[in-house]
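Here the structure is laid out as structure tokens; the discussion comes afterwards.
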Amino acid sequence: MTTVALPDYRQQSPEVAARFQRIRERPVILQVRDLEKAYGAGPSRHVVFDHVTLDIHRREFITVIGPSGCGKSTFVRIVAGLDEATSGQILLDNHPVSEPGPDRGMVFQGYTLFPWLTVKRNVMFGLEMRGRARSTAETEARQWIDMVGLAKFENSYPHELSGGMKQRVAIARALANEPRILLMDEPFGALDAQTRWKMQKYLLQIWKKVDVTILFITHDLDEAIFLSDRILVLGTNPGGVREIIENPVPRPRTLEQFLSPEFLALKARLDHLIHGDEPPDEEDKLPLGRMTTAGDDAE
Ligand SMILES: Nc1ncnc2c1ncn2[C@@H]1O[C@H](COP(=O)(O)OP(=O)(O)OP(=O)(O)O)[C@@H](O)[C@H]1O
Ligand SMILES: [Mg+2]
Numbered sequence: 021m022t023t024v025a026l027p028d029y030r031q032q033s034p035e036v037a038a039r040f041q042r043i044r045e046r047p048v049i050l051q052v053r054d055l056e057k058a059y060g061a062g063p064s065r066h067v068v069f070d071h072v073t074l075d076i077h078r079r080e081f082i083t084v085i086g087p088s089g090c091g092k093s094t095f096v097r098i099v100a101g102l103d104e105a106t107s108g109q110i111l112l113d114n115h116p117v118s119e120p121g122p123d124r125g126m127v128f129q130g131y132t133l134f135p136w137l138t139v140k141r142n143v144m145f146g147l148e149m150r151g152r153a154r155s156t157a158e159t160e161a162r163q164w165i166d167m168v169g170l171a172k173f174e175n176s177y178p179h180e181l182s183g184g185m186k187q188r189v190a191i192a193r194a195l196a197n198e199p200r201i202l203l204m205d206e207p208f209g210a211l212d213a214q215t216r217w218k219m220q221k222y223l224l225q226i227w228k229k230v231d232v233t234i235l236f237i238t239h240d241l242d243e244a245i246f247l248s249d250r251i252l253v254l255g256t257n258p259g260g261v262r263e264i265i266e267n268p269v270p271r272p273r274t275l276e277q278f279l280s281p282e283f284l285a286l287k288a289r290l291d292h293l294i295h296g297d298e299p300p301d302e303e304d305k306l307p308l309g310r311m312t313t314a315g316d317d318a319e
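The numbering used here applies: residue 21 is where the sequence shown begins, and numbers increase by one.
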């Protein structure tokens, strides 16, 4: 077997370095300051993460990865104002976050559309809640539905749509409220591989057209790399930030890049950060007893 030497995963081309320079010059939208989340007290106290500090710039795309249980959902729920940190602070446009608000849009894995409302009424819902007249809400909802490519389905009900289409409606509904930041917790986790890949491409196209910053949680390393500007890697034992990585893969992103040296180098690094050099877990091995020897001669 030949092995190919990969570049350093932090190595950026001059174009990518210039792009990050421009991102850093944009205003900071979200400040995460020494955030800690713990459960319980005394000896049974469990720190999910601590010392999480991060600035996210306007229109940046941040993905968050880490092993199951490291606190990805907890982190995004605290940003959403649905959960409270034990200590530390989150500032959105310099205002401390303490409760949910229309400046944060959310898209989760489970389909969260109202099943009794049509696509259009689902998207209009938040707009009307915020005091838009019905006719204005309808016009605006149509624009967002059109943008996610579902104009033909505005009068359909959620049960008449595929999983990917439902998530596009959820994205339209979240963006219709013009949030400053879109929070996405494994939004494509329940989709088949083909649809997931399409959704990733749709999301990048949508993000290009809208003034929105995205915080996106995923388990999937390819997805994290394909979408992001930067990747926040969380860990367990102890919980917290392992690394915040500037993604060296140039934009626009394409399928061919999945095999590029910089993509593979970053993926190897992420894999190492999440799984380390541990030998395979003994618990993963099944007992050796066999049920048949038929067909062994063909092996
Ligand atoms: N109400 C609770 N009481 C005690 N511990 C909790 C509670 N809610 C969550 N936890 C713990 O917080 C940790 C983080 O959970 P969280 O759901 O944020 O992880 P995650 O990284 O999103 O995992 P996954 O990848 O499986 O979605 C877990 O160890 C979990 O057991
Ligand atoms: Mg989670």
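Idealized CB from N, CA, C, for every residue including glycine.
Within the continuous beta strand (DSSP E) that includes residue i, where are the two ends?
i      : result
His179 : Counting along the chain, His179 falls outside any beta strand (DSSP E), and DSSP gives it neither H nor E.
Gly260 : Gly260 to Glu266
Thr94  : Run containing Thr94: none in the beta strand (DSSP E); it sits in the alpha helix (DSSP H), Lys92 to Ala100.
Lys57  : Val48 to Tyr59
Arg289 : First-last for Arg289: Pro281 to His295, but that is the alpha helix (DSSP H), not the beta strand (DSSP E).
Asp70  : His66 to His77
Ser107 : Ser107 to Leu112
Leu306 : Taken as a continuous stretch (DSSP letters only), Leu306 belongs to no beta strand (DSSP E), as it is neither H nor E.
Phe134 : Note, Phe134: premise wrong, no beta strand (DSSP E); not H, not E.
Arg250 : Arg250 to Gly255
Thr23  : Careful: Thr23 lies outside any beta strand (DSSP E) and carries neither H nor E.
Given residue i, which residues of its chain have a CB within under 7 Å of its CB, disregarding the five upstream and five downstream residues?
i      : result
Met219 : Gly184, Gln187, Phe208 and Leu211
Ala194 : Gly125, Met126, Val127 and Leu202
Leu102 : Pro120
Asp75  : Val48 and Gln51
Phe283 : Ile245, Val269 and Gln277
Lys92  : Val84, Gly86, Ile237 and Leu254
Met96  : The question names Met, but residue 96 is Val in the sequence shown. For Val96, where only same-chain residues beyond five positions count, the Cβ hits under 7 Å are Leu203, Asp205, Leu235 and Ile237.
Arg15  : Residue 15 lies beyond the residue range present for the chain, which begins at 21 and ends at 319; the question has no answer from this structure.
Thr73  : Val52, Arg53 and Asp54
Val230 : Leu195
How would you write the range of the alpha helix (DSSP H) that residue i sits in, first residue to last?
i      : result
Arg44  : Pro34 to Glu45
Gly146 : Val139 to Met149
Leu247 : Leu241 to Leu247
Note down, in chain order, each residue of its chain lying with its Cβ closer than 8 Å to the Cβ of residue i, except the 5 sequence neighbours on either side.
i      : result
Ile165 : Val139, Lys140, Val143, Ala171, Phe173, Glu174, Val189 and Ala192
Leu293 : Val253, Gly255, Arg262 and Glu263
Asp28  : Ala285
Glu243 : Thr83, Phe208, Arg216 and Gln220
Thr156 : Leu147
His77  : Ile43, Arg44, Arg46, Pro47, Val48, Ile49 and Thr233
Lys287 : Leu241, Asp242 and Ile245
Gly260 : Phe69, Asp70, His71, Val72 and Leu254
Cys90  : Val68, Phe69, Leu254, Gly255, Thr256 and Gly259
Could you tell me if residue i is buried or exposed, where buried requires 16 or more neighbouring beta carbons within 10 angstroms of its beta carbon?
i      : result
Pro135 : exposed
Ser118 : exposed
Thr238 : buried
Arg216 : buried
Asp275 : First, the amino acid is wrong: residue 275 is Leu here, not Asp. The residue in question, Leu275, is exposed, as its Cβ has fewer than 16 Cβ neighbours within 10 Å.
Pro47  : exposed
Asn114 : exposed
Asp70  : buried
Pro307 : exposed
Asp249 : buried
Phe257 : Here the sequence assigns Asn to residue 257, which means Phe is not the residue at that position. By the neighbour-count rule (16 or more Cβ atoms within 10 Å), Asn257 is not buried but exposed.
Thr313 : exposed
Gly151 : exposed
Val168 : buried
Glu35  : exposed
Arg154 : exposed
Glu80  : buried
Ala100 : buried
Gly62  : exposed
Thr23  : exposed
Thr159 : exposed
Pro272 : exposed
CB-CB under 6 Å to residue i, same chain, minus the five flanking residues each way: which ones, in chain order?
i      : result
Ser107 : Glu56
Tyr222 : none
Gln32  : Pro268
Ile98  : Ala105
Pro199 : Asp123, Arg124 and Gly125
Closest Cβ-Cβ distance between residue i and chain B: below 9 Å?
i      : result
Asn267 : Checking the listed chains, one finds no chain B in this structure; it contains a single protein chain.
Could you pull out every unbroken beta strand (DSSP E) segment of at least 3 residues lying fully inside the stretch 157–236, listed in chain order?
The qualifying runs are 201–205.
Residues surrounding ligand 1 [beta-carbon distance to nearest heavy atom under 5 Å]
Checking every Cβ against the heavy atoms of ligand 1 under 5 Å gives Tyr59, Val68, Ser88, Gly89, Cys90, Gly91, Lys92, Ser93 and Thr94.
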